[in-house]
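For the sequence shown, the UniProt record's numbering begins at 1 and goes up steadily by one.
Before any comments, here is the structure.
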Amino acid sequence: MKRLLLIGIGAGHPDHLTLQAVKAIGATDVFFIVDKGEVKHDLVQLRLDMIAEHGRAPYRIAEARDPERDRDAAAYPAAVDDWRSRRALACEALVRDELADGETGAFLVWGDPGVYDSTLAVVEEILQRGNVRFDYEVVPGISSVAALTAAHRTSLTRVGRPVHLTTGRRLAEGGPTADDVMVMLDAHCSFAGLDGYAIHWGAYVGTADEILVSGPVAEVGERIRQVRAEARARKGWIMDSYLLRRL
């Protein structure tokens, strides 16, 4: 049977690779790359660099283009489901056409496959359709959550207090739901006005472009908004996250 590895490669620093991930890369016959286009080519290049350093020849690289996603749709969950299904079709074709029985293929997943990532859901959708049979294994990686808290030299949790992991969209809709809130990919800076909170914000964490800002939202919120806009205009894309902590 075909074997598939979902390998967490960390939040951006090449040294985020665990020993387990390095061994998994070395055991891979075919690496599947889902290209998000020229704007995000540096994300592809990081993967290629890791493969070149840790892969064991002869290996092959098979690429597919990531489907376009409607980020402004009124029915957001439906738009995400549609995009994920189209991505699953592209990945299914890679596994079907490029991976032979008895071989091992791998997707190098940004961060950790189990934290705010769609690859697991895509793989399960492929299996449910039943057109391709394979076994798969998940190799955990350093998540953006862990990278962010380490960069700010703080912990994710405080004694006796829960942490809520959410999105910028949900934060904007309902506000904070805990004393400590971890927010992923907030395109609209939904922390604005939460003056009772401190914020630990980071973009491109773990990379040479890393940007970190922290302090009370009332004092640094506007600065984060400006820095974020400038960084996105400069690179063409941004991946950021932040931890809100009630003062």
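Cβ coordinates follow ideal geometry from the N, Cα and C atoms, glycine included.
Who are the near neighbours of His16 in its chain, counting only those whose CB is closer than 8 Å to its CB and skipping five residues on each side? For His16, where only same-chain residues beyond five positions count, the Cβ hits under 8 Å are Ile9, Gly10, Gly141, Ile142, Ala147, Gly206.
If we ignore side chains and look at the alpha-carbon of each, how far apart do Ile199 and Ser190 end up? C-alpha of Ile199 to C-alpha of Ser190: approximately 12 Å in a straight line.
Secondary structure of Ile238, DSSP reduced to three states: Three-state result, Ile238: coil.
Which one of Ile61, Val163, Asp49 has the shortest CA to CA distance from Tyr242? Among Ile61, Val163, Asp49, the Cα nearest to that of Tyr242 is on Val163.
Please report how far the alpha carbon of Leu120 lies from the alpha carbon of Val22, in whole angstroms. When only Cα atoms are considered, Leu120 and Val22 end up about 20 Å apart.
So what's Glu137 in DSSP terms, helix, strand or just coil? If DSSP states are grouped into helix, strand and coil, Glu137 belongs with the strands.
From Ala100, Glu63, Gly130, Arg129, pick the residue whose C-alpha is nearest to that of Phe107; which is it? Among Ala100, Glu63, Gly130, Arg129, the Cα nearest to that of Phe107 is on Glu63.
Let me check one thing: in DSSP terms, what residues is Phe191 bridge-paired to? DSSP lists no partner for Phe191.
Proximity winner among Asp49, Val132, Arg65, Tyr116, relative to Met1 (alpha-carbon distances): Nearest of Asp49, Val132, Arg65, Tyr116 to Met1, Cα basis: Val132.
Would you mind stating whether Tyr59 and Thr28 have Cβ atoms separated by less than 8 Å? A contact, by the Cβ cut-off of 8 Å.
Identify the continuous alpha helix (DSSP H) that holds Leu19 and give its terminal residues. Here the alpha helix (DSSP H) through Leu19 covers 19–26.
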